[in-house]
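Worksheet: one structure, shown below.
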Amino acid sequence: MYQTIKEMIDQATREKKLLSELVIEQEIKLSGSSRQEIWQKMERNLETMKEAVVKGQKGVKSKTGLTGGDAAKLKEYAQKHEPLSGRTILEAAQNAIATNEVNAAMGIICATPTAGSSGTLPGILFTLEKKLNLNHEQMVRFLFTAGGIGLVIANNACIAGASGGCQAEVGSASAMGAAAAVEAAGGSPEQSGQAAAIAISNLLGLVCDPIAGLVEVPCVNRNALGSSNALLCADLALAGVTSIIPVDEVIMAMDEVGISLPQSLRETGIGGLAGTPTGQNLKMKIFGEDDD
3 MYQTIKEMID QATREKKLLS ELVIEQEIKL SGSSRQEIWQ KMERNLETMK
53 EAVVKGQKGV KSKTGLTGGD AAKLKEYAQK HEPLSGRTIL EAAQNAIATN
103 EVNAAMGIIC ATPTAGSSGT LPGILFTLEK KLNLNHEQMV RFLFTAGGIG
153 LVIANNACIA GASGGCQAEV GSASAMGAAA AVEAAGGSPE QSGQAAAIAI
203 SNLLGLVCDP IAGLVEVPCV NRNALGSSNA LLCADLALAG VTSIIPVDEV
253 IMAMDEVGIS LPQSLRETGI GGLAGTPTGQ NLKMKIFGED DD
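Residue numbers (the working numbering): 3 to 294.
Written as structure tokens, this is what we have:
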């Protein structure tokens with residue numbers, strides 16, 4: 003099992019292999035499953051993501067009424083206007099929000115790496131499918147690359163908002179997607195690592211402050227941010243921009259920042275946006291008066 007991103011990059015560079023190929027080979031070794039079995043499992047993840055994106059863009063609502071319908075609004079907006087952020091960014095946001103709205107509506111999603119950050123990777127992947135004309139194999143490989151990066155992050159830091167804030171969820175997902183986007187665009191393993199480092203750096207310190215403790219507000223829109231950030235960071239890396247701090251040290255910093263965050267900003271629904279008068283009123287409206 004790879005302990006660091008550098009280890010993955012060095013081996014991929016030395017053996018002239020894609021990061022996705024190393025992840026596949028590692029999974030075969032660790033699980034004892036065949037290549038075909040592993041590939042088919044990832045294909046099911048891809049299909050689950052696609053179904054959530056399609057469903058979300060048609061418009062879904064959560065039972066609380068806090069979220070829903072925004073992906074459909076973005077789709078309609080893009081059809082009638084020239085987006086200020088560009089069509090690529092807006093489509094990524096649309097795909098990401100669609101997925102998280104399905105999650106909030108108790109639909110089926112693929113946690114990447116968590117349910118709260120489940121929209122970030124689909125936001126990136128299904129946008130690149132069109133932009134880069136990705137074939138099925140490239141899309142599956144995108145997920146293997148993202149998964150490999152995510153596994154190292156999980157083993158060296160954290161991916162749960164309750165442990166490390168939203169930087170650990172959307173931040174990790176954004177890094178996973180940025181690295182995978184670089185590979186999909188033909189970049190090098192080193193550039194994938196740079197993209198991941200910049201992506202986490204950009205979202206370092208992002209708190210987890212869900213209103214009423216539910217994975218809805220501001221979680222859904224933060225996945226749009228995660229997707230957009232990943233695409234930008236992939237471009238930066240492909241252009242030759244590098245992170246002064248090595249990717250594994252960035253991951254270490256994220257872990258330290260997460261530990262330093264107060265409990266009120268780690269998925270407790272107490273501080274941040276959740277602690278505002280409106281946030282507290284919404285909590286009481288959904289759950290009733292607090293015991294205390």
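All C-beta atoms, glycine included, are put in the ideal place defined by N, C-alpha and C. Predicted, not measured: the structure shown is a model, and the values here were computed from it.
Query raised in the report: When you compare each of E192, G290 and V217 to Q13 by their alpha carbons, which one comes out closest?
Result: E192
Query raised in the report: Looking at the structure shown, is C210 part of a helix, part of a strand, or coil, going by DSSP?
Result: In this structure, C210 counts as strand in the three-state DSSP scheme.
**Report entry** E84 to L240 span [Cα, whole Å]
**Finding:** 26 Å
Query raised in the report: For D293, does the three-state DSSP call read helix, strand or coil?
Result: Residue confidence for D293 is low, a pLDDT of 47 falling below 50, so the modelled location carries little weight and cannot support an answer.
**Report entry** Same chain, Cβ closer than 6 Å to T15, neighbours up to 5 away in sequence not counted
**Finding:** P191
Requested in this report: Kindly confirm or deny that the region 214 to 224 and the region 26 to 38 touch, where touching means at least three C-beta pairs closer than 8 Å.
Outcome: no
Query - Residues of its chain near T183, where Cβ-Cβ distance is below 8 Å and the 5 sequence neighbours each way are ignored - result: It is worth fixing the name first, because residue 183 is Ala in this sequence and not Thr. Here the set comprises I126, L130, F144, A197, A232, L233 and A236.
Report task. Please report how far the alpha carbon of A201 lies from the alpha carbon of A107, in whole angstroms. Result -> 28 Å
Report task. Just confirm the distance between the C-beta atoms of G67 and E103, as a whole number of angstroms; I'd bet it's less than 8 Å. Result -> Contact flag wrong, Cβ pair sits at about 12 Å.
Query raised in the report: Just checking my contact of L206 with M256 at CB under 8 Å: how many whole Å lie between their CB atoms?
Result: Contact between L206 and M256 holds: their C-beta atoms lie close to 6 Å from each other, under 8 Å.
Report task. Measure the C-alpha to C-alpha separation of T280 and G290 and round it to an integer number of angstroms. Result -> 14 Å
Query - Residue from M51, D250, A276 and E39 with nearest C-alpha to L153 - result: D250
Query raised in the report: Looking at A197 and the ligand ATP, is the gap between the Cβ and the nearest heavy atom below 6 Å?
Result: Looking for the ligand ATP in the displayed structure turns up nothing, as the structure carries no ligands at all.
Query raised in the report: Terminal residues of the continuous alpha helix (DSSP H) containing K133?
Result: T122 to K133
Query - As assigned by DSSP and simplified to three states, the class of K18 - result: coil
Requested in this report: Would you kindly work out how many angstroms separate the C-alpha atoms of S176 and I272, rounded to a whole number?
Outcome: 25 Å
Query raised in the report: Going by beta carbon distance, what residues of the same chain come within less than 7 Å of V142, once the five residues before and after it are set aside?
Result: W41, M44, E45 and L48
Query raised in the report: Between the Cα of N137 and the Cα atoms of A186, E29 and K18, which residue gives the shortest distance?
Result: A186
Query raised in the report: Closest to A159 by CA distance: which of N135, G179, Q140 and P115 is it?
Result: Answer by Cα proximity: P115.
Query raised in the report: If you draw a straight line from the alpha carbon of M51 to that of L267, how long is it in whole angstroms?
Result: 29 Å
Requested in this report: Can you give me the start and stop residues for the alpha helix (DSSP H) that Q193 sits inside?
Outcome: P191 to L205
Query raised in the report: Helix, strand or coil: how does DSSP classify K63 here?
Result: K63 carries a strand assignment under DSSP once its states are collapsed to helix, strand and coil.
Query raised in the report: Apart from the five residues on each side of it in sequence, which residues of its chain come closer than 6 Å, Cβ to Cβ, to I7?
Result: Scanning its chain for C-beta atoms nearer than 6 Å, with the 5 sequence neighbours on each side dropped, one finds around I7 the residues V154, G195, V249 and D250, in chain order.
Query raised in the report: Assuming F128 contacts V55 under a Cβ cut-off of 8 Å, what Cβ separation, rounded to an integer in Å, is found between them?
Result: V55 and F128 do touch by the CB rule: their CB atoms are close to 6 Å apart, below 8 Å.
Query raised in the report: Along the chain, where does the alpha helix (DSSP H) that runs through V259 open and close?
Result: V249 to S262
**Report entry** Counted within 10 angstroms of its Cβ, other Cβ atoms place K31 as buried (16 or more) or exposed
**Finding:** Under this definition K31 is an exposed residue.
Report task. Compute the beta-carbon to beta-carbon distance between L24 and G150, rounded to the nearest angstrom, for a pair I have assumed lies under 8 Å. Result -> 7 Å
Query raised in the report: Where does G242 sit, in a helix, a strand or coil, going by DSSP?
Result: coil
Query raised in the report: Per DSSP, G70 forms a beta bridge with which residues?
Result: Answer is K63.
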